[in-house]
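A.B. asks: Let me give you the structure first, and then I'll get to my questions.
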Amino acid sequence: MSWLNIRRIIVFLVLFGLITFVGIRAHLSYYLSVAAAALISYSVIALEKLLSHRNIKEVGIFLATIIAGALFGTFIGFLIIQFPDFRRPETRGWVFLITNTAAIYLFVAYVSSRKDELIKSKDKIKGEMKKYTKLVDTSALIDGRIVDMVELGFLEGNLGVPAFVLKELQNIADSKDPDKREKGRRGMEMLDKLRDLLKDRLIIVREDVPGKHDVDEKLIELARKNGAKLITTDYNLKKIAEVQGVSVLNVNELTERLKLPLNSGDIIKIKIVREGKERDKKQGVGYLVDGTMVVVDGASSYIGQEIEVIVHSVLQTETGRIVFARLKGEA
């Protein structure tokens, strides 16, 4: 005989003796005390066996069921002892024993038959609590700045990536065009980084949008239906979504707002990387650390060098800003 079974026998005998003793001291009949002791002791051992093969979720459900059954059985027993024939002390204990046993059995039997359904329902509710509040499009993943926003804590809540966006990204990564293929692979890398950062806060949305074939249309409809915001760098998508009442977080607009202001007369350092379009002005082109293009008159001979220039104007466009400057020391 195993130690586990020996332990169970010891626990049964101790419980049986104690409960019988308490029952007799409480002036219950000898037979009722013995019956109650046997039932309770056996129930404890049976419950221990049951719990040892169940997970925490199932245990919680069964314990709640037993408590509910006992309360209901007590209530029914209380109603029954209102009848004169059941008010006698030697009868009252049996009434409560029978009603509690029957109620607990019925409750446990019913919940056991519906256990999987209850657990799924609970998981569904938890899933709804984890509902995404923002949807990411392909352009935002390829752009990659969304990763920096997450790392710095600027994006709260759960982030949803629709399955059809993943499919589009995969198609781009498999493209024969080298530029498109590179963009697609970058997008997949950014997605992996988001998965590492967000863990279970990154939700792959399997829901599709029937009747819509264009990815942008699906995104807008999905965001509108679920009350989510769109994260994108696509200016046209932003405009169409806003017309349909969908809130949009445009990464480009955020970046523009966070750029340091440049005014006429400001002196900046810039590395000239290539010639400009207007060769008669001998233009050179460089970029600030935030990606802003700087066009410098008379700087075509400084390609590969870092020089100081003076800002004379800033042109704001829908996609960003362009800074025009001249060499320091020139009028």
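For the sequence shown, our numbering assigns the number 233 to the initial residue and increments by one for each residue that follows.
Ideal placement from N, C-alpha and C gives every residue a C-beta, glycine not left out.
Quick caveat, the model's predicted, so the values are computed rather than measured.
(1) Starting from Ser545, trace the beta strand (DSSP E) in both directions and tell me its first and last residue.
(2) Over the uninterrupted alpha helix (DSSP H) stretch that includes Lys471, give me the two end residues.
(3) Quick one: what's got a C-beta closer than 7 Å to Trp326's C-beta in the same chain, skipping five residues either side?
(4) Strictly by DSSP, which residues pair up with Arg506?
(5) Assuming Ala405 and Met422 make a contact with CB atoms under 8 Å, what is their CB distance in whole Å?
(6) Report the option in Ile452, Leu434 and Phe307 whose CA atom is closest to the CA atom of Asp440.
(7) Per DSSP, which residues does Val527 bridge with? Please list them.
(8) For Gly392, which residues does DSSP report across the bridge?
(9) For Val382, I'd like the list of residues in its chain whose CB is within less than 7 Å of its CB, leaving aside the five on either flank, ordered along the chain.
(10) Taking Leu547 as the reference, give the member of Arg511, Asn495, Arg413 and Glu562 with the closest Cα.
(11) Could you confirm whether any beta carbon from chain D is found closer than 9 Å to the beta carbon of Leu398?
(12) Is it buried or exposed for Met361, if we count other Cβ within 10 angstroms and need 16 for buried?
(13) Just tell me which of Glu488, Arg511 and Phe386 has its CA closest to the CA of Met525.
(14) What are the start and end residues of the alpha helix (DSSP H) that includes Lys412?
(15) Mark Gln515 as exposed unless 16 or more other C-beta atoms lie within 10 angstroms of its C-beta, in which case mark it buried.
(16) State the DSSP-derived secondary structure class of Leu462, mapped to helix, strand or coil.
(17) Let me know the secondary structure DSSP gives Leu250 once reduced to three states.
(18) Opposite Lys501 in the DSSP bridges: which residues?
(19) Tell me Val480's beta-bridge partners as DSSP assigns them.
(20) Is Lys366 closer than 9 Å to Ile436 when the C-beta atoms are compared?
(21) Quick check on this structure: which residue in Ser261, Arg324 and Ala267 has the alpha carbon closest to the alpha carbon of Ile308?
(22) Decide if Lys358 is buried, meaning its Cβ has at least 16 other Cβ atoms within 10 Å, or exposed.
(23) State whether the segment 467 to 487 contacts the segment 502 to 521, with contact taken as three or more CB pairs (one from each stretch) at a distance under 8 Å.
(24) From what residue to what residue does the alpha helix (DSSP H) around Phe318 run?
(25) To the nearest angstrom, how far is it from the Cα of Tyr467 to the Cα of Lys450?
(26) Using CA atoms only, rank isn't needed, just tell me which of Arg553, Tyr364 and Val527 is closest to Leu541.
(27) How long is the line joining the alpha carbons of Gly292 and Val343, rounded to whole angstroms?
C.D. replies: With the given structure in hand:
(1) For Ser545, the enclosing beta strand (DSSP E) starts and ends at Glu538 to Thr549.
(2) Looking at the DSSP string, the run of the alpha helix (DSSP H) that includes Lys471 is Tyr467 to Val475.
(3) Counting only Cβ-Cβ distances below 7 Å, and skipping sequence neighbours, we find Leu264.
(4) Arg506 has Val517 as its beta-bridge partners, per DSSP.
(5) Cβ-Cβ separation between Ala405 and Met422: approximately 12 Å, too far for a contact (criterion under 8 Å).
(6) When each option's Cα is compared against that of Asp440, the closest is Ile452.
(7) Under DSSP, Val527 forms a beta bridge with Val517 and Phe556.
(8) Note: Gly392 sits in a beta bridge opposite Leu367 and Ile435.
(9) Excluding residues up to 5 positions away in sequence, Leu426, Leu429 and Leu430 lie with their Cβ nearer than 7 Å to the Cβ of Val382 in the same chain.
(10) Of the candidates Arg511, Asn495, Arg413 and Glu562, the one whose C-alpha sits nearest the C-alpha of Leu547 is Asn495.
(11) Looking for chain D here will not work: only one protein chain is present.
(12) Its pLDDT being 40, under 50, Met361 is placed unreliably by the model, and the measurement read from it follows with that caveat. Burial call: exposed.
(13) Comparing Cα-Cα distances from Met525 to each of Glu488, Arg511 and Phe386, the minimum goes to Glu488.
(14) That run of the alpha helix (DSSP H) goes Pro410 to Leu430.
(15) Counting Cβ neighbours within 10 Å, Gln515 comes out buried, since at least 16 surround it.
(16) The answer is strand: DSSP assigns Leu462 an E or B state.
(17) Note: Leu250 maps to helix in three-state DSSP.
(18) Answer by DSSP bridge pairing, in chain order: Glu540.
(19) Leu462.
(20) Their beta carbons are not under 9 Å apart, which means Ile436 does not touch Lys366 by this criterion.
(21) Per the Cα distances, Arg324.
(22) Because the pLDDT at Lys358 is just 47, under 50, the model does not fix this residue reliably, and the point stays unresolved.
(23) Below 8 Å, too few C-beta pairs join the segment 467 to 487 and the segment 502 to 521 to call them touching: fewer than three.
(24) For Phe318, there is no enclosing alpha helix (DSSP H), as DSSP marks it with neither H nor E.
(25) Rounded to whole angstroms, the separation of the alpha carbons of Lys450 and Tyr467 is 17 Å.
(26) The sequence shown places Val at residue 541, not Leu. Closest in C-alpha terms to Val541, from the list Arg553, Tyr364 and Val527, comes Val527.
(27) Taking the straight line from one Cα to the other gives about 12 Å.
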